[in-house]
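Going line by line, the protein sequences match chains A and B.
So the numbering used here is basically just the index in the first sequence, starting at one, shifted up by 117.
So the numbering used here is basically just the index in the second sequence, starting at one, shifted up by 8.
Beta carbons: idealized from backbone N, C-alpha and C, even for Gly.
To start, the structure under review is shown below, and the notes come after it.
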Amino acid sequence: MSTAPDSLAELLQSAAAMQASGRSVLKTMLGLGEVEVGTSEKRCVYSEDKIRLYRYAPLARSAGLKPLLICYAMVNRPYLLDLQPDRSFIRELLHAGLDVYLLDWGYPDGADRFSSFDEYVDGYLRRCVEFVLKEHAIDSLTLLGVCQGGTMSLCYTALHPTQVAQLITMVTPVDFKTPENLLSKWAQHIDIGLLTQSGNVSGDFLNLVYLSLMPFRLTQQKYVNLLQMQGDRVQLENFMRMEKWIFDSPDQPATAFREFIQWFFQENRLIRGELTLAGKPVRLKDITAPLLNIFASKDHLVPPSASIPLGAHIGSKDYEALEIDAGHIGLYVGGKTRKTVPAAVTAWLQKRN
Amino acid sequence: MSAQGPFSGAHAFSAGFLKAWVDQAGAIQDFLARLADQSSAGLPPSMPPPHLAPWKDFVDRLGMGSVNPAEMFPGVPALGLGREYQETAQRLLDLSRQFQQRYAEFAQQNAAVMQDAFHVMKKRVDAAPQALKSPAELYDAWIDCAEGAYAQAAHSDGFARLLAELCNISSAFKVERGKLTEQLARHLDLPSRAEVDSLHRQVRALTAALRAAPSPRGKPTKRAKK
């Protein structure tokens with residue numbers, strides 16, 4: 118590498134500029150305070166143990182579509198979908214006239230360590246679905262599952278096909294053993310029984326795993342880029358909201374987590390048709406509802422290869438796969454996608470109304 | 009009583025042993041006398057207790073003072089009153105060692121990743137020296153190279169196995185540590201994990217029974233007459 122005098126001068130100049138920007142960033146951050154997340158108006162309509170079912174206040178005239186229940190993942194907090202008013206997947210759906218419900222799994226603690234995966238799917242999720250159906254006096258609703266919540270939604274729809282009129286899966290793993298799936302590769306040799314023997318798996322452990330997927334970008338470059346924000350308050354608030362969300366991972370209930378890792382990651386039971394929940398076989402072929410499968414081309418957590426095979430395994434004749442040029446998170450909060458993805462969801466639902 | 013004269017010519021081990029025995033008797037007498045005497049209630053916080061000090065001297069003279077007994081005879085089961093604690097302590101020690109070994113391998117692997125990244129970066133800069141115009145671009149290029157090298161290693165089976173071993177050893181350590189915590193909680197009459205788990209299981213069983221029970225037929229409630 119050359120260190121010509123002009124390069125050196127440029128280096129020093131750049132370092133000075135970064136130092137100035139860094140000072141400005143720190144000064145602005147000192148006055149930021151606590152950032153707000155999940156600000157769209159909602160009320161809790163059903164609760165049980167740690168879980169909460171929220172119904173969002175409408176923001177537009179009803180589009181006359183079936184109520185939409187969002188089943189988010191247990192491994193992260195669902196406010197990513199309503200991070201801030203101008204970056205809110207949920208708000209966009211509300212603006213389109215949808216009646217949106219959100220299932221929040223909460224923060225499991227020691228009292229939940231024996232709760233099994235099927236209790237989450239065929240217990241909590243089922244009772245939330247039944248609550249919405251009863252509330253609206255209808256037989257079926259639209260279910261939208263995100264990431265692990267998508268996998269849970271697939272299981273639920275396979276178990277209760279008549280209750281789901283339309284199913285939308287977003288960045289959802291179906292085939293857990295594809296060559297691009299780094300998380301899966303790491304999970305293969307983990308003694309998951311031993312890991313969960315001493316209780317719930319901490320959110321910090323999950324965070325460490327996520328960071329380890331791209332350590333240089335996620336622990337270094339991101340913060341160097343932060344220094345280049347020139348003390349822009351809005352940008353810094355956005356950054357802090359995302360930072361808060363990233364490290365706000367709930368502890369995982371030991372039994373359910375063990376079962377999820379073993380059955381899905383290690384044994385790939387769902388796609389192999391070998392999964393049984395609550396004593397009933399979970400067959401993807403039993404899913405006959407129209408299905409929209411959205412995946413992100415740059416997803417490092419759930420690579421496209423983990424989501425794409427879904428279409429070949431379900432019983433539905435109305436299947437659409439939608440590839441979005443984004444990452445796992447950018448799908449919801451990215452510059453363009455935060456508008457285009459909810460619009461695509463709404464359009465797909467309207468066509469099937 | 010003196011142990012010096014009669015044992016002085018005997019085998020060093022026997023002499024040491026008997027001297028410790030005799031000294032211990034004296035130390036116990038002294039210790040009991042001090043306990044009985046309220047004026048000397050504030051005994052010095054020495055470890056081991058004064059009456060065991062002769063044994064410590066004996067062990068030290070044999071050159072075994074700073075050695076963990078479990079380390080002297082590896083594989084031999086622990087004996088006596090504190091055997092459960094000894095075994096747990098030994099397992100914790102073993103697991104710590106295993107973790108250190110694996111972590112050293114892991115650090116080596118990461119060092120190799122950094123080396124690979126550096127080579128890739130050098131090739132990239134050598135191939136197009138003018139392409140990276142600013143330090144920021146140079147830094148971003150370095151991150152790309154580092155992530156590329158890391159991804160290659162991280163996808164390998166060896167990396168996955170090593171990572172899993174680190175995780176499994178940590179999990180085993182946590183289990184052993186939990187046993188000690190459990191014992192401590194019982195000694196202090198505090199709610200232990202096992203006790204709380206047992207209660208959770210009971211609550212879960214009750215909840216399940218309640219859900220399974222047929223819902224009581226709602227009888228029309230009579231309004232109270234005003």
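Within the continuous beta strand (DSSP E) that includes residue 199(A), where are the two ends?
One-based indexing of the first sequence puts residue 199(A) at position 82. For residue 199(A), the enclosing beta strand (DSSP E) covers residues 199-201.
Are any of the Cβ atoms in chain B nearer than 8 angstroms to that of residue 285(A)?
Position 168 of the first sequence, counted from the start, is the residue given in the question as residue 285(A). With 8 angstroms as the cut-off, residue 285(A) does not count as an interface residue toward chain B.
Since residue 258(A) and residue 183(A) are thought to touch, with beta carbons under 8 angstroms apart, how far apart are those beta carbons, to the nearest angstrom?
Position 141 of the first sequence holds residue 258(A). Position 66 of the first sequence holds residue 183(A). Yes, they are in contact, since the Cβ atoms of residue 258(A) and residue 183(A) sit about 5 angstroms apart, within 8 angstroms.
Quick one: what's got a C-beta closer than 6 angstroms to residue 209(A)'s C-beta in the same chain, skipping five residues either side?
In the first sequence, the residue the question calls residue 209(A) occupies position 92. The residues are 459.
The alpha helix (DSSP H) enclosing residue 188(A), as first and last residue numbers:
Taking the first residue of the first sequence as position 1, residue 188(A) is located at position 71. Going by DSSP, residue 188(A) is part of no alpha helix (DSSP H) but of the beta strand (DSSP E) stretching over 185-188.
Let me know the secondary structure DSSP gives residue 263(A) once reduced to three states.
Looking up residue 263(A) in the first sequence gives position 146. Of the three classes helix, strand and coil, the one that applies to residue 263(A) here is strand, per DSSP.
If we call anything under 8 angstroms between Cβ atoms a contact, is residue 448(A) one with residue 283(A)?
Your numbering for residue 448(A) matches position 331 in the first sequence. Your numbering for residue 283(A) matches position 166 in the first sequence. No, Cβ-Cβ distance for residue 448(A) and residue 283(A) is not below 8 angstroms.
Evaluate residue 369(A) with the Cβ neighbour count: other Cβ atoms within 10 Å of its Cβ, from every protein chain shown; 16 or more gives buried, anything less gives exposed.
Counting from one through the first sequence, the residue named residue 369(A) turns up at place 252. In summary, residue 369(A) is buried, with 16 or more beta-carbon neighbours lying within 10 Å of its beta-carbon over all protein chains present.
How many Å lie between residue 46(B) and residue 375(A) at the Cα?
For the purposes of this step, residue 46(B) is taken as residue 38 along the second sequence, with counting starting at 1. For the purposes of this step, residue 375(A) is taken as residue 258 along the first sequence, with counting starting at 1. The pLDDT assigned to residue 46(B) is 45, lower than 50, so where the model puts this residue is not dependable, and the model offers no usable value.
Examine chain B for any beta-carbon lying closer than 8 angstroms to the beta-carbon of residue 282(A), and answer yes or no.
Your numbering for residue 282(A) matches position 165 in the first sequence. With 8 angstroms as the cut-off, residue 282(A) does not count as an interface residue toward chain B.
Skipping 5 residues on each side, what residues in its chain have a beta carbon closer than 8 angstroms to that of residue 186(B)?
If you number the second sequence from 1, residue 186(B) lands on position 178. Here the set comprises 201.
CB contact check: residue 93(B) to chain A, cutoff 8 angstroms
In the second sequence, residue 93(B) corresponds to position 85, counting from 1. Closer than 8 angstroms: no.
CB-CB under 8 angstroms to residue 372(A), same chain, minus the five flanking residues each way: which ones, in chain order?
For this step, residue 372(A) is matched to residue 255 along the first sequence. Once the five neighbours on either side are set aside, the close Cβ partners of residue 372(A) are 230, 231, 232, 233, 234 and 313.
Using a Cβ-Cβ cutoff of 7 angstroms, what residues of the segment 152-170 of chain B are near chain A? List them in chain order.
Using a CB distance below 7 angstroms, the part of the segment 152-170 of chain B facing chain A consists of 154, 155, 158, 162, 163, 168 and 169, ordered along the chain.
Going by C-alpha to C-alpha distance, which of 222(A), 166(A) and 180(A) sits closest to residue 463(A)?
As a first step, residue 463(A) must be located in the first sequence, where it is residue number 346. Out of 222(A), 166(A) and 180(A), 180(A) has the C-alpha closest to the C-alpha of residue 463(A).
Residue 442(A): buried (16+ other C-beta within 10 angstroms of its C-beta) or exposed?
Residue numbering aside, residue 442(A) sits at position 325 when the first sequence is read from its first letter. With fewer than 16 Cβ atoms within 10 Å of its Cβ, residue 442(A) is classed as exposed.
Using CA coordinates, which residue listed in 156(B), 92(B) and 109(B) is at the minimum distance from residue 122(B)?
The residue labelled residue 122(B) in the question sits at position 114 within the second sequence. The option with the nearest alpha carbon to residue 122(B) is 156(B).
From the DSSP output, which residues share a beta bridge with residue 135(B)?
Residue mapping note: residue 135(B) aligns to position 127 of the second sequence, counting from 1. Note: residue 135(B) sits in no beta bridge, so no partner.
Buried or exposed, going by whether 16 or more other CB atoms sit within 10 Å of the CB of residue 302(A)?
Mapped onto the first sequence, residue 302(A) falls at position 185. That one is buried.
Are three or more beta carbon pairs between the segment 350-358 of chain A and the segment 145-153 of chain A nearer than 8 angstroms?
A contact between stretches requires three or more CB pairs, one per stretch, nearer than 8 angstroms, and the segment 350-358 of chain A meets this requirement with the segment 145-153 of chain A.
Proximal residues of chain A, C-beta to C-beta of residue 147(B) below 7 angstroms
Here the question's residue 147(B) lines up with position 139 in the second sequence. Under the 7 angstroms cutoff, chain A gives 341.
By Cβ distance below 7 angstroms, which residues in the same chain neighbour residue 172(A) in space, the five residues on each side in sequence not counted?
Taking the first sequence and counting its residues from 1, the one referred to as residue 172(A) is at position 55. Only 159, 160, 162 and 218 meet the Cβ criterion.
Only counting the same chain, and skipping five residues up and downstream in sequence, which positions put a Cβ closer than 7 angstroms to that of residue 188(B)?
Stepping through the second sequence from its first residue, residue 188(B) is reached at position 180. By the criterion of a C-beta distance shorter than 7 angstroms, residue 188(B) is surrounded in its chain by 96, once the five residues flanking it on both sides are discounted.
Give the DSSP bridge partners of residue 165(A), in chain order.
The residue given as residue 165(A) occupies position 48 in the first sequence. 168(A), per the DSSP bridge assignment.
Within the same chain, show all residues whose beta-carbon is closer than 6 angstroms to that of residue 177(A), passing over the 5 residues directly before and after it, in chain order.
Walking along the first sequence from the start, residue 177(A) turns up at place 60. Counting only Cβ-Cβ distances below 6 angstroms, and skipping sequence neighbours, we find 212 and 214.
On the DSSP bridge list, what partners appear for residue 440(A)?
Counted from its first residue, the first sequence places residue 440(A) at position 323. The bridge partners DSSP lists for residue 440(A) are 412(A).
With C-beta atoms as the reference, is residue 151(B) less than 8 angstroms away from residue 338(A)?
Against the second sequence, residue 151(B) aligns to sequence position 143. Against the first sequence, residue 338(A) aligns to sequence position 221. Yes; because the gap between Cβ atoms is below 8 angstroms, this pair is in contact.
Backbone CA spacing between residue 341(A) and residue 365(A) [nearest angstrom]:
Here residue 341(A) corresponds to residue number 224 of the first sequence, with the count starting at 1. Here residue 365(A) corresponds to residue number 248 of the first sequence, with the count starting at 1. Answer to the nearest angstrom: the Cα atoms are 22 angstroms apart.
CB contact check: residue 302(A) to chain B, cutoff 8 angstroms
Numbered from its first residue, the first sequence carries residue 302(A) at position 185. Taking Cβ atoms only, chain B reaches closer than 8 angstroms to residue 302(A), which makes this a yes.
Cβ-based contacts, 7 angstroms cut-off: residues of the segment 168-193 of chain B near chain A
168, 169, 171, 172, 175, 176, 179, 180, 182, 183 and 186
Cβ neighbours of residue 174(A) in the same chain (closer than 6 angstroms, five flanking residues each side left out)
For the purposes of this step, residue 174(A) is taken as residue 57 along the first sequence, with counting starting at 1. If we look at residue 174(A) and ignore the five residues flanking it on each side, its Cβ neighbours are 158.
So which residues of chain A does residue 142(B) contact, with C-beta pairs closer than 9 angstroms?
Your numbering for residue 142(B) matches position 134 in the second sequence. Neighbours of residue 142(B) on chain A, chain order: 127, 128 and 131.
Residue 279(A): buried (16+ other C-beta within 10 angstroms of its C-beta) or exposed?
Translated into positions along the first sequence, residue 279(A) becomes position 162. Residue 279(A) should be labelled exposed.
Taking residue 334(A) as the query, report the chain B residues whose CB atoms sit under 7 angstroms from its CB, ordered along the chain.
The sequence position of residue 334(A) within the first sequence is 217, counting from 1. Here the neighbours are 151 and 155.
What are the residues that DSSP puts in a beta bridge with residue 471(A)?
Beyond the ends of chain A as shown, which are 118 and 470, falls residue 471(A); an answer cannot be given.
Is it buried or exposed, residue 184(B), if we count other Cβ atoms within 10 angstroms and call 16 or more buried?
Numbered from its first residue, the second sequence carries residue 184(B) at position 176. By the 10 Å Cβ count, residue 184(B) comes out buried.
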